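Each residue of the sequence shown is one higher than the last, beginning at 408 in my numbering.
Every residue gets a Cβ at the ideal spot worked out from N, C-alpha and C, and that includes glycine.
Computed from a prediction, not measured in an experiment: that's the story for all the values here.
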Amino acid sequence: MRGRARLVRFGDVADALDDAAALVRAATRRIGEVTSDEDDLVGRAFNELATMAVVHAAETDLLRSSAAEAARENALLRRAAAIDEWLDQIVIEDGGPREFATAVAQLTGKPAALHDTELQPLVVATPSSDGDATVPHLLGPQDAEDASVAGALAALNGRQCGILGPLGNAGGRERLLVTPVTVGRDRRGYVVVMEHPPPFGPLDRHIARRAATSIALVLAAERRVAAAEWDARAALVGDLIRNDREPAALERRARFLGVDLDAPHVLCLVTGCDADDVVPSAPQLCEVFARVAPDLAILAAGVPEGTLGMLELRAELDPCTALRDARTHVEAALAGLVQGRRTIATMSGCCTSSTAYARAYREAREALACLKGFAADSGTRVLAAGDVGPASLLLASSSRTDADRFVQDALGALLQDGPGVEDLLATLRAFFEHGRSVRCSAHALGVHENTVRYRLARIEGMTGLRLCDADHQLTAQLALLVLRLEGRLPDAHAGAPSAG
Numbered sequence: 408m409r410g411r412a413r414l415v416r417f418g419d420v421a422d423a424l425d426d427a428a429a430l431v432r433a434a435t436r437r438i439g440e441v442t443s444d445e446d447d448l449v450g451r452a453f454n455e456l457a458t459m460a461v462v463h464a465a466e467t468d469l470l471r472s473s474a475a476e477a478a479r480e481n482a483l484l485r486r487a488a489a490i491d492e493w494l495d496q497i498v499i500e501d502g503g504p505r506e507f508a509t510a511v512a513q514l515t516g517k518p519a520a521l522h523d524t525e526l527q528p529l530v531v532a533t534p535s536s537d538g539d540a541t542v543p544h545l546l547g548p549q550d551a552e553d554a555s556v557a558g559a560l561a562a563l564n565g566r567q568c569g570i571l572g573p574l575g576n577a578g579g580r581e582r583l584l585v586t587p588v589t590v591g592r593d594r595r596g597y598v599v600v601m602e603h604p605p606p607f608g609p610l611d612r613h614i615a616r617r618a619a620t621s622i623a624l625v626l627a628a629e630r631r632v633a634a635a636e637w638d639a640r641a642a643l644v645g646d647l648i649r650n651d652r653e654p655a656a657l658e659r660r661a662r663f664l665g666v667d668l669d670a671p672h673v674l675c676l677v678t679g680c681d682a683d684d685v686v687p688s689a690p691q692l693c694e695v696f697a698r699v700a701p702d703l704a705i706l707a708a709g710v711p712e713g714t715l716g717m718l719e720l721r722a723e724l725d726p727c728t729a730l731r732d733a734r735t736h737v738e739a740a741l742a743g744l745v746q747g748r749r750t751i752a753t754m755s756g757c758c759t760s761s762t763a764y765a766r767a768y769r770e771a772r773e774a775l776a777c778l779k780g781f782a783a784d785s786g787t788r789v790l791a792a793g794d795v796g797p798a799s800l801l802l803a804s805s806s807r808t809d810a811d812r813f814v815q816d817a818l819g820a821l822l823q824d825g826p827g828v829e830d831l832l833a834t835l836r837a838f839f840e841h842g843r844s845v846r847c848s849a850h851a852l853g854v855h856e857n858t859v860r861y862r863l864a865r866i867e868g869m870t871g872l873r874l875c876d877a878d879h880q881l882t883a884q885l886a887l888l889v890l891r892l893e894g895r896l897p898d899a900h901a902g903a904p905s906a907g
C-alpha cells in the first residue's frame, strides 16, 4: 500500500519543478498504473494539487508580464514628464519658434518645422544626430492648393494631430505628423514632424501636441501683453485730452510707453458724416497709418465722436510744413480705410507739451462740427483746425441754413451762373490766401496784376463789399470759408510766392 501510494516518483517531481503542466502529466501517467480505490483517491487529490500549481504558475506569468508593462508605461511617463519640462523651460526662457522646432526635432529624432496658416515655413530644424545637412522638405505654400492636404488640415479639430502623406506631389515619400497651433478659436499655424529616418514612436504625438500647446501659450501671452499695452496707450490718450492728471505723471507714463510728449504731435479725429457711416476702429487706424507712414508713431483711442489718433509730426520740418505732411498721410490713410464711404476727419494744431492736448481736442471737435454741418454729401474730407481758425466759434453753433443765407447775402451776385463769375470767386480766394497781395495773387492765378485789380473792382461792384475795409474783409472770408466747407469754392492755383 505504501509503495503503491507513491504515484509520482521523486525523479518525476524533480524533473517537473519548472513545468507545472509536466507535473500534471506525470501524475496522470502514474494514476493510470494503480489498481486500488485507495490509490485512486490519492491520485485524484494529487491531480487537484497539480492543477492548482498550474493556475498559480499562470497567474505568476501574468503578474510578471503586467509588471513589465507597468515598467514600460512608467518609463514612458517619466520620458513624457522630461519632455514637458523641456518645453516648459523654453516657455520660461522666452524661447521663440526656432527653439521650439529644435526641441521637437531633438526629442523625436526627426526633422520638424513650424508653419503659418498659409503653410509658409517659419523655421525648419533637424535632429542634432542627423549628419545630413540638407534641410528636408516638409510642407510649403504650394501644398495648401492640394485638395487632399487642405481637406486633411481642415479636418483637424482643436489640438488634434493627424498623419499626412506621403505627399508625392511635394517630392517626399515620408509621412508627416501635423498638429495645429490653436489660440482660442483661431488657428495660428502648424507643428510638422517628418517620419524620417525612424518611424513614428509612441511619444511623437505627445511631443507634437505638447509643443503646439506651448507655442499657443506663448502666442496667447503675447496677445494679452499687446492688448494690455494697447489699453495703456489708449488710456494715455484719454488722460491727455481730458487734462485731469498731473503733467509729471503723464510724462512718466508716456516715457514708459515710448512716447515723447515733447516731440510735436497732432490730433486727428475720424468719424462718419452720419450715424450709419462706418467709422474705423482704433486698431484699424493704427494699422493703416503703419502702412502709409511707417516711420511715424501713432496712438489711437475711441472717443464719443469716433476715433482719435495722436500722430507724430516730423520734427525736422517747420510746424506748417509738418502739418501739411501729416494731412497728406491722413488723406492717404482714409483712402485706404474706406472706399465709397462718407468718412471725415479733422486735425488740430501742433502739440508740444502734455497740457496742449486738451486744447487740441477742442479744436478738432469744433472743426468736426463745422465739417459735419457743411460737408458735401459724399466722399472723404479732411479739415485742419487751422483752415477754419476762429471762425469755428461761429460756424460750430450755426445751422447750414443760416450759413447759406449769410453767404447769399455776402456773395450772392458771385454765386450766379454767368461768364467769368467762377474766375471772380477764384480771384477773391487767392487774394485772401496770399495776404491780400495783388502781385502774389496774380502769380498764383497766372494772370497780370492789372487783371487781378480789374476783377477785384468787379467784385466790389457786384457785392457791395469794400475789400479795403476790415469788417468787409471778415465778411468775405467767412463766406468763402462756408463755400469751401461745402465744396462749392473753385480752387486757386498753387505755387505763388509768399506775401512777404
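Buried or exposed (CB count within 10 angstroms, at least 16 for buried), residue i
i, result
"D611", "buried"
"I570", "exposed"
"M754", "buried"
"P573", "exposed"
"G596", "buried"
"A701", "Checking the displayed sequence, the identity of residue 701 turns out to be Pro instead of Ala. With fewer than 16 Cβ atoms within 10 Å of its Cβ, P701 is classed as exposed."
"R731", "exposed"
"M459", "exposed"
"E354", "Nothing about residue 354 can be reported from this structure: the residues present for the chain run from 408 to 907 only."
"F379", "Nothing can be reported for residue 379, as the shown portion of the chain is limited to 408 through 907."
"T442", "Only weak support is given to the placement of T442: the predicted model assigns it a pLDDT of 47, under 50, and the question is left unresolved by the model."
"S472", "exposed"
"V685", "exposed"
"C568", "buried"
"R660", "buried"
Expected contact under 8 Å - CB spacing of residue i and residue j to nearest Å
i, j, result
"L526", "D550", "6 Å"
"V625", "V498", "6 Å"
"T589", "R566", "6 Å"
"D908", "R652", "Examination of residue 908 is not possible in this model, given that the chain is present from 408 through 907 alone."
"G679", "R749", "6 Å"
"L892", "L775", "Rounded, the Cβ-Cβ distance is 12 Å, inconsistent with contact."
"S805", "E773", "Not really, about 12 Å apart at Cβ, beyond 8 Å."
"A689", "G709", "6 Å"
"E719", "H672", "6 Å"
"L692", "A707", "5 Å"
"P518", "L545", "7 Å"
"A704", "G756", "Wrong, their Cβ atoms sit about 19 Å apart, outside the cutoff."
"V696", "A729", "Here residue 696 is Phe; the residue named in the question, Val, does not match the sequence. F696 to A729, Cβ: 15 Å. No contact."
"A886", "V814", "5 Å"
Pairwise C-alpha distance: residue j and residue i
i, j, result
"P389", "R862", "Since the displayed the chain opens at 408 and closes at 907, residue 389 lies outside it and no answer follows."
"D523", "E694", "21 Å"
"K779", "A752", "10 Å"
"V889", "D830", "18 Å"
"G827", "E712", "41 Å"
"D495", "S621", "7 Å"
"S761", "A520", "48 Å"
"V462", "A489", "40 Å"
"S848", "T858", "10 Å"
"G608", "S555", "25 Å"
"D468", "R479", "17 Å"
"R592", "H736", "35 Å"
"H850", "V632", "56 Å"
"A619", "Q513", "15 Å"
"M717", "F781", "25 Å"
"A733", "L724", "11 Å"
"P687", "L674", "16 Å"
"D365", "R807", "Nothing in the structure corresponds to residue 365, since the chain is present only between 408 and 907."
"H879", "A864", "14 Å"
"R812", "A642", "43 Å"
"C758", "G894", "29 Å"
"A548", "P528", "Checking the displayed sequence, the identity of residue 548 turns out to be Pro instead of Ala. P548 and P528: Cα-Cα distance of roughly 8 Å."
"T882", "R860", "20 Å"
"G516", "S535", "8 Å"
"R698", "G743", "9 Å"
"D667", "E658", "8 Å"
8 Å Cβ cutoff, residue i in contact with chain C
i, result
"E500", "Protein chain content of the structure displayed is limited to a single chain, and chain C is not contained in it."
Any non-hydrogen atom of the ligand ADP closer than 7 Å to residue i Cβ
i, result
"G871", "Ligands are entirely absent from the displayed structure, and the ligand ADP is therefore not among its contents."
Contact between the region 830-838 and the region 854-870: three or more CB pairs below 8 Å? By the Cβ criterion, the region 830-838 is in contact with the region 854-870, since at least three pairs of Cβ atoms, one from each stretch, lie closer than 8 Å.
Within the region 457-516, ranges of the alpha helix (DSSP H) (whole runs, at least 4 residues): Taking 4 residues as the shortest admissible run, the region 457-516 contains the following complete alpha helix (DSSP H) segments, listed from N- to C-terminal end: 504-515.
At least 3 beta-carbon pairs within less than 8 Å: the region 628-636 vs the region 508-524: The answer is no - the region 508-524 does not touch the region 628-636, with fewer than three Cβ pairs under 8 Å.
Give the list of continuous alpha helix (DSSP H) stretches no shorter than 4 residues that lie fully inside the region 543-569. 554-561, all fully within the region 543-569.
Within 8 Å, do at least three Cβ pairs link the region 553-563 to the region 584-602? Flag = yes, the region 584-602 and the region 553-563 touch.
Curious, which full-length alpha helix (DSSP H) runs of at least 4 residues does the region 725-790 contain? DSSP assignment within the region 725-790 yields the following whole alpha helix (DSSP H) runs of 4 residues or more, N-terminal first: 726-744 and 764-781.
Check whether the region 803-821 and the region 871-885 are in contact - that is, three or more C-beta pairs closer than 8 Å. With a cut-off of 8 Å, the region 871-885 and the region 803-821 count as touching, because enough Cβ pairs lie within range.
Would you list, in sequence order, the uninterrupted beta strand (DSSP E) runs of no fewer than 3 residues that lie entirely inside the region 619-680? Segments of the beta strand (DSSP E) lying fully in the region 619-680: 672-679.
Sequence ranges, beta strand (DSSP E) only - wholly within the region 692-724, length at least 3: Every beta strand (DSSP E) of 3 residues or more that sits fully in the region 692-724 is shown, in chain order, as 705-710 and 713-719.
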